[in-house]
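Inspection log for the structure reproduced underneath, given as structure tokens.
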Ligand SMILES: Cc1cc2nc3c(=O)[nH]c(=O)nc-3n(C[C@H](O)[C@H](O)[C@H](O)COP(=O)(O)O)c2cc1C
Ligand code: SF4
Ligand code: FES
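Protein chains in written order, with this note's numbering: chain A, 966 to 1401; chain B, 238 to 1048; chain C, 607 to 829.
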């Protein structure tokens, strides 16, 4: 039997006012707040720990555990910073969430801050998304007006301020320490760890950084409890997840489903491959994770199964590519992205991405030298595990992954350009039959 | 190598927790928190590095220093991982993982690096070049187009940047931000376009900019002064000590044949660490060219003619023959300890006069008493280390960034690293105070003494800041630093000494010039003999006479005159002769009077390195060696002896001490050969014995106030200004701060000032741009000797004087 | 840079949002762009003064982020995503036709100052590929024809509705939104569009029970 979809965060997105406090409250929104405020903060942390919720920002770190690292009674202010930078190629699940259901995030923030004893939360939203910024900023204002945020919230003695902060165009600011530097008004370059943000983060004070979706889960968890949450997903990957399925499927979009659903099922829900289309390769969680092929369609989409298959669940935002696509072009564009987004701090990523991109471009143009394939591979190895942050590792990922399945296509790049090998129009939505 | 200064036993540092680790299989114990890269150095293993610098916060950006740590899947940056108990580290010598990682990084660093080593200033002393030779591939695998930038750009008049050579290690930007507190250069752009830069029209005018050239691990930063001038392998490096201020920096002077090509900071952990200021680094034109070849003797035609030494000495002997007891000696503040001792002896034993004073600057009797009682013979007092670890530092009449830049760096370091509270008794919060995160105790000129006394009474009248600082002053190790200009604030030095006495705080005097502390030790003040001894004290006189090998009866007994009194006496015809060495009349409070005195005195001997305002009136000019031609000792503000050798060993030019010995011979009052070794022996013999200390002054504080249309002058020197020793270094001068006049908003309003102010006295007037500043009313601040702002020369006044204010018309 | 009283108040309000003033740097640079259309040296000096930083510190930050423009932007700033997925699904084609139509390339502005265009990176709109933004307002599922039509309408001064938010204003207006985050337009645009609703729709079509137990009664039952 197919794994059923589980619209939870997405359940009421078809309400015309789903993004307002009324729309949210109509379906039980802000019910979790008094429940949480009636608990001891540590009990809230314990409960989240028990759910096994793992961070939805890509790394899958257990959320409750992260919260428990925040030293208590240290006399320093604590901060919650919500990572709404969503810039990973392929990832497009946080922005719809902010647009359609921002109050889930806001309620989650209030509860999280109560748990970790933070009085100040920041929502760092990438700058290029005014539509999402407006919605979340409006939700914060509504929550202030309703007394959910502010001083002495609902008589609990708990005070909180929430600030929506716009970024300004830099993928690296999704990396949590770069984000903190950026939020402090600096260049978004990652920081040395240790100290970890939980100990010395924003303004050198204990700080929790969590993804939008992670925090948006919190009200639902508080409302419904540990067992409810754990009925979805697997032991190691409990819960449900927003999967944004993009590419050559008939109906790309956001699908909320339990972790452990398979890609075949997701493609099926997405209406199957577009007309005349055959799956060539897919990427489970953004461009930073190695690609898979049709043989992997029945693997459960969990952190553990994806790791076993040599890739990662990442942001769980699969991109699907059909036979019209040039792997060489796809990988080259991704590398151009990493080159463009490399922050410049460390040598391997700064120099490696631009060298690799330069070489890949020769293959895309059809005049690569076969021996350079080895050099590109060497470059990947010279970056992976040696760069300052995970962006470098990410940049070293697409090429070896692609070579594993499509070496011939790269070799063909020594004489045939990607556009000659693959009609560039064929892969477009205009050429594809229906995409509804 | 001893001089007069005894070194008190240093309190040993507190024990630190050790951790046991192995590096390449060698077991060792290092203090907790030690970075692996430092630990490896201790067993002689150099892990290659570019961004790492022991005095900068680690960034681990270049990734050159990757090593293997057992149990970790990925290589780790040795510069940023602290040793922890049981850690097993394998460097490139024993780990393939580390070796491969380093080789990979090296290859990346070279792909965009121009291989222009043969024309690069850094060629031959370049870590990148050395690494490439040791670990690099012989042939580059990179055959795409290299990153290209337009060739060197000026970050300032003095500092140039060649962006193609930059490896983005951020040492220069981190230095500027962390050490100097001048974030004027920064990383711009990102990714492979990342580059060092400045904001538009905002040059890198930091007093410490030259250090960035020194810390740059490649040839990306160069100085206009040294650029293309030499190759490192053509240079001979000599350790020297800076002759500019009393910070006492250890320097490295690089010479080729007979030319100084550059100066760098020498790694001197107890003093300047690895830094120096741009004045010390770049202002050495003065030392490069001895400007007199021979002695000069004024002929009957009234003109100075070249003469032989015997001719000149004979003439001097004639002129000084009847000057015993009717002469005076003025020495300026730039002599070495050896030369100061020679003048001290020459004045007393040869000329029989106690009219001797080194203070070619505003001074007072209170100051002389203070120096004689508190400073002279006190040995190594407050040290840099103690500053760094003090519970509080109070600055009175001292702006360290301008007047003793290494003190500034050390204070900033302590303020940044351990929140050292620093308070300044001054008219306004200078940029330097801001960079030390310091607190201003706003004080009008002349009121410094009152402020110090207020602190002694618990600081109540100085508000909450005052109370906090006053309380801290009672903690062990608290420090009070007083600057040169307190000499002009009646009662201030007395109050400082009293404050130290009541609180138990330690007190140090920080003069501006490198030779001043040595001059105090040598007794170049009326009534003061070497080693803090008093002329009035019989035992002191006996000790000194013995050390000098003269009869006690040869020494004067009457306490002599100070500079201002000497000048007055000279004008009144009280002297037959004056001996003047290294004095610029324009440094004194009343330059006109000094010149009149020089003119009036029947016989004037000028002992000098180069022509000066004194030359014009001298009867005989005796040339002496420049700082590079001689060995010697400076005593820095701490009381630390800073011994240096001769840069140009073959120079035949004579030191002041040798010249004085020859004059003494000619006068038949021989004092010995007075070579450097001899003078050092004499210095040791004159070490303080504790006898005959003068009383600490207790002059009551009195303050000045201005009536309407007037203001009290607050003034001190900019580090880079029109000082004699900075002449000829134009690019350096171009980085100096512009002179402005600062007044409070109320003062500006009252005097109707808008953009410019005209300051005037009966001697002259200055026109300066006005900057409204948070400061006491009725006060105007301006730099002492900057372009368009020569307070002493033009206005004939100094700190604490009254001037008239009027709206100015613009310069 | 001309700063009026409203802007001055906004500057104060932005700085007041943060426990440490330097955090206001990014929003203030957006505010500068809302006044000047780009980050000018004047704007950098202004921000430096407000935050007590050196101009170098501000410029260093300004040049790190791609949304801060160093030269004049058009009244409308158009971005076309040409990252892999969008490029393949039509972004390249859209880019080429847009660039041809306006006669300008990446990071260039038309002579009349109306439009500037930029190849942009992934906009988190992959499900709506190819993604185009006009003054950063989304224009999802773009085609060469739809973009051409938009250009014509903007030229003619006719209203152009973005797919997720309000009628297109101009580049500076959006920069102002980013700086102050409240422009009163949060109600514009749908709750979610058909792609964001794809999963919910599929679930409803298949009669899959909503798993949200928000209904007051069910919360205990599930535990
Ligand atoms: C280059 C890079 C980009 C990232 N971008 C994002 C992002 O846009 N959003 C996000 O939530 N996490 C992102 N992350 C992961 C964050 O560093 C961090 O792990 C996450 O925000 C933690 O939240 P979570 O525990 O809720 O997942 C990124 C990491 C890297 C290395
Ligand atoms: S890997 Fe290095 S250059 Fe790349 S983003 Fe991270 S720190 Fe910056
Ligand atoms: S020296 Fe360690 S990373 Fe640069």
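Yeah, the Cβ is synthetic: ideal placement off N, Cα and C, and Gly gets one too. Predicted model, so just to flag it, every value in this text is computed and none were measured.
So residue i and residue j are supposed to be a Cβ contact under 8 Å. How far apart are they, rounded?
i, j, result
"residue 770 (chain B)", "residue 780 (chain B)", "7 Å"
"residue 328 (chain B)", "residue 335 (chain B)", "6 Å"
"residue 1045 (chain A)", "residue 1081 (chain A)", "6 Å"
"residue 646 (chain C)", "residue 680 (chain C)", "Actually they do not touch by this definition, with Cβ atoms about 16 Å apart."
"residue 744 (chain B)", "residue 734 (chain B)", "7 Å"
Can you name the start and end residues of the beta strand (DSSP E) that residue i belongs to?
i, result
"residue 745 (chain C)", "743 to 745"
"residue 949 (chain B)", "947 to 953"
"residue 725 (chain C)", "721 to 726"
"residue 265 (chain B)", "263 to 268"
"residue 662 (chain B)", "659 to 663"
"residue 996 (chain B)", "993 to 997"
"residue 1240 (chain A)", "Here residue 1240 (chain A) belongs to no beta strand (DSSP E), and DSSP marks it neither H nor E."
Nearest chain E C-beta to residue i closer than 8 Å, yes or no?
i, result
"residue 1310 (chain A)", "Of the chains in the structure shown, none is chain E; the protein chains are A, B and C."
Which class does residue i belong to by DSSP, given the choice of helix, strand or coil?
i, result
"residue 587 (chain B)", "helix"
"residue 687 (chain C)", "strand"
"residue 674 (chain C)", "coil"
"residue 1223 (chain A)", "strand"
"residue 1303 (chain A)", "helix"
"residue 491 (chain B)", "strand"
"residue 673 (chain B)", "coil"
"residue 1172 (chain A)", "strand"
"residue 1048 (chain A)", "strand"
"residue 1089 (chain A)", "strand"
"residue 778 (chain B)", "helix"
"residue 349 (chain B)", "coil"
"residue 1106 (chain A)", "helix"
"residue 910 (chain B)", "coil"
"residue 1048 (chain B)", "Low local confidence applies: a pLDDT of 45 at residue 1048 (chain B) is under 50, so the model's placement there is unreliable, with the coordinate-based value given in what follows. Residue 1048 (chain B): coil per DSSP, three-state reduction."
"residue 1140 (chain A)", "coil"
"residue 642 (chain C)", "helix"
Just reading off the alpha helix (DSSP H) that residue i is part of, what are its end residues?
i, result
"residue 1245 (chain A)", "Segment 1244 to 1248 is the beta strand (DSSP E) holding residue 1245 (chain A); no alpha helix (DSSP H) there."
"residue 1370 (chain A)", "1363 to 1377"
"residue 661 (chain C)", "661 to 668"
"residue 701 (chain C)", "698 to 708"
"residue 1315 (chain A)", "1312 to 1329"
Within the present structure, is the beta-carbon of residue i separated from the nearest heavy atom of ligand 5 by less than 7 Å?
i, result
"residue 409 (chain B)", "Ligand 5 is not part of this structure, which contains only ligand 1, ligand 2 and ligand 3."
**Request:** Select from the region 348 to 366 of chain B all residues with a C-beta closer than 8 Å to any C-beta belonging to chain A, and list them in chain order.
**Result:** 348 and 349
**Item:** Short-range partners of chain A found in the region 296 to 330 of chain B, where Cβ spacing is below 8 Å
**Value:** 296, 297, 298, 299, 300, 301, 303, 310, 311, 312 and 317
**Asked** What are the residues of the region 364 to 387 of chain B that lie near chain A, defined by any Cβ-Cβ distance shorter than 7 Å?
**Response** 378, 379 and 381
**Request:** Could you list the residues in the region 1316 to 1337 of chain A with a C-beta less than 8 Å from some C-beta on chain B, going in chain order?
**Result:** 1316, 1317, 1318, 1319, 1320, 1323 and 1324
**Prompt:** What residues from the region 433 to 445 of chain B come within 8 Å of chain C, judged by C-beta to C-beta, listed N to C?
**Reply:** 434, 435, 436, 437, 438 and 439
**Item:** Within 7 Å of chain C by C-beta, residues of the region 419 to 432 of chain B in sequence order
**Value:** Legend: CB atoms of the region 419 to 432 of chain B lying less than 7 Å from CB atoms of chain C belong to residues 420, 421, 422, 423, 424, 425, 426 and 427.
**Message:** To be precise: take each residue of the region 1064 to 1086 of chain A, compare its Cβ to all Cβ atoms of chain C, and keep it if any distance is under 8 Å. Which residues remain?
**Reply:** 1064, 1065 and 1085
**Prompt:** Just by C-beta distance, which residues in the region 649 to 671 of chain C are closer than 7 Å to chain B?
**Reply:** 650, 660, 661, 662, 663, 665, 666, 669 and 670
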